[in-house]
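Below is one structure, written out as structure tokens; the observations come after it.
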Amino acid sequence: MNRLVRGEDGRDWVVRAQMEWRAPATADDFEHDVAGSYGPGIAMIVVTVVLAVALVVWTPEEVRVPAWVFLAIVLVLLFFPLRWILRRPWTVVAETEGDVGGDRPSERWVGTIRGMFTVSGEVKRISKTIQKHSLPDFDGPLHPVE
3 MNRLVRGEDG RDWVVRAQME WRAPATADDF EHDVAGSYGP GIAMIVVTVV
53 LAVALVVWTP EEVRVPAWVF LAIVLVLLFF PLRWILRRPW TVVAETEGDV
103 GGDRPSERWV GTIRGMFTVS GEVKRISKTI QKHSLPDFDG PLHPVE
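Using my numbering, you'd call the opening residue of the sequence shown number 3 and step up by one each time.
Written out as structure tokens, the structure is:
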């Protein structure tokens with residue numbers, strides 16, 4: 003997602019967002035990076051599959067299961083993967099080369115936003131702020147980088 007924005011002072015800004023497959027490491031997340039591995043998650047998936055197979059194998063022939071039960075099971079199984087995809091972090095960058103005269107230097111602002119739908123609204127808000135004030139909002143998700 004790329005967007006070209008002209009600031010009030012005449013500088014051209016490029017606002018772009020890119021989905022990250024791994025969450026960026028920050029000081030706030032240090033404790034979570036140290037803890038755990040994939041072992042417990044894999045064990046829970048194996049136990050769930052074994053229990054589901056046992057339920058299907060031991061169901062008597064006379065039992066008729068409505069179609070909506072299968073649909074409900076599929077929706078429950080897809081909930082966490084879909085949530086994971088929709089809540090991925092996006093790195094948003096707003097940068098400018100500066101102006102020709104040299105009065106305004108080049109700048110680069112970087113931030114992280116979670117959520118596929120949230121990032122599109124936030125990029126629009128950042129673009130409008132740049133058009134009005136020639137800079138991203140200091141209270142927003144982006145912070146200047148040197």
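The beta carbon of each residue, even a glycine, is placed where N, CA and C say it ideally should be.
A quick note: this is a predicted structure, and the numbers were derived from the prediction, not measured.
### Query
Using the rule of at least 16 other Cβ atoms within 10 Å of the residue's Cβ for burial, across every protein chain shown, is Thr131 buried or exposed?
As a position in the sequence shown, residue 131 is number 129, starting the count at 1. It is buried - the Cβ of Thr131 has at least 16 other Cβ atoms within 10 Å.
#### Entry: Sub-8 Å separation of Glu10 and Trp92 beta-carbons
Residue 10 sits at position 8 when you count from the first residue of the sequence shown. Residue 92 sits at position 90 when you count from the first residue of the sequence shown. Their beta carbons are not under 8 Å apart, which means Glu10 does not touch Trp92 by this criterion.
### Leu84 - containing beta strand (DSSP E), residue span
Taking the first residue of the sequence shown as 1, we reach residue 84 at position 82. Premise fails: Leu84 lies in the alpha helix (DSSP H), Ala69 to Leu88, not in any beta strand (DSSP E).
### Message
On a Cα-Cα basis, can you pick out the residue from Leu84, Leu80, Leu57 and Glu109 that is closest to Ser136?
### Response
For the purposes of this step, residue 136 is identified with residue 134 of the sequence shown, where counting begins at 1. Out of Leu84, Leu80, Leu57 and Glu109, the CA that lies nearest to the CA of Ser136 is found in Glu109.
### Query
Along the chain, where does the alpha helix (DSSP H) that runs through Leu53 open and close?
Residue numbering aside, residue 53 sits at position 51 when the sequence shown is read from its first letter. Unbroken alpha helix (DSSP H) run through Leu53: Gly41 to Val59.
#### Entry: Strand pairing of Leu6, partner residues [DSSP]
By one-based count along the sequence shown, residue 6 stands at place 4. Val16, per the DSSP bridge assignment.
### Whether Arg85 touches Gly117 by CB criterion (8 Å)
Here residue 85 refers to the residue found at position 83 when the sequence shown is read from its first residue. Here residue 117 refers to the residue found at position 115 when the sequence shown is read from its first residue. No.
### DSSP-derived helix/strand/coil call for Val94
Indexing the sequence shown from 1 puts residue 94 at position 92. In this structure, DSSP gives Val94 an extended state, which the three-state scheme calls strand.
#### Entry: Bridge partners - Glu111, DSSP secondary structure assignment
The residue labelled residue 111 in the question sits at position 109 within the sequence shown. Before going further, note that residue 111 is Trp rather than Glu in the sequence given. The partner list for Trp111 (beta bridge, DSSP) reads Ala96 and Pro146.
### Classification of Leu6 by the beta-carbon crowding that lies within 10 angstroms, buried from 16 upward
Residue 6 sits at position 4 when you count from the first residue of the sequence shown. Exposed.
### Query
I think Val125 touches Val94, with their Cβ atoms under 8 Å apart; what is that distance to the nearest whole Å?
By one-based count along the sequence shown, residue 125 stands at place 123. By one-based count along the sequence shown, residue 94 stands at place 92. For a cut-off of 8 Å, the C-beta gap from Val125 to Val94 is around 6 Å, short enough to register as a contact.
### Task
Tell me whether the beta-carbon of Trp111 lies closer than 8 Å to the beta-carbon of Leu144.
The residue given as residue 111 occupies position 109 in the sequence shown. The residue given as residue 144 occupies position 142 in the sequence shown. By the CB criterion at 8 Å, Trp111 and Leu144 fall inside the cutoff.
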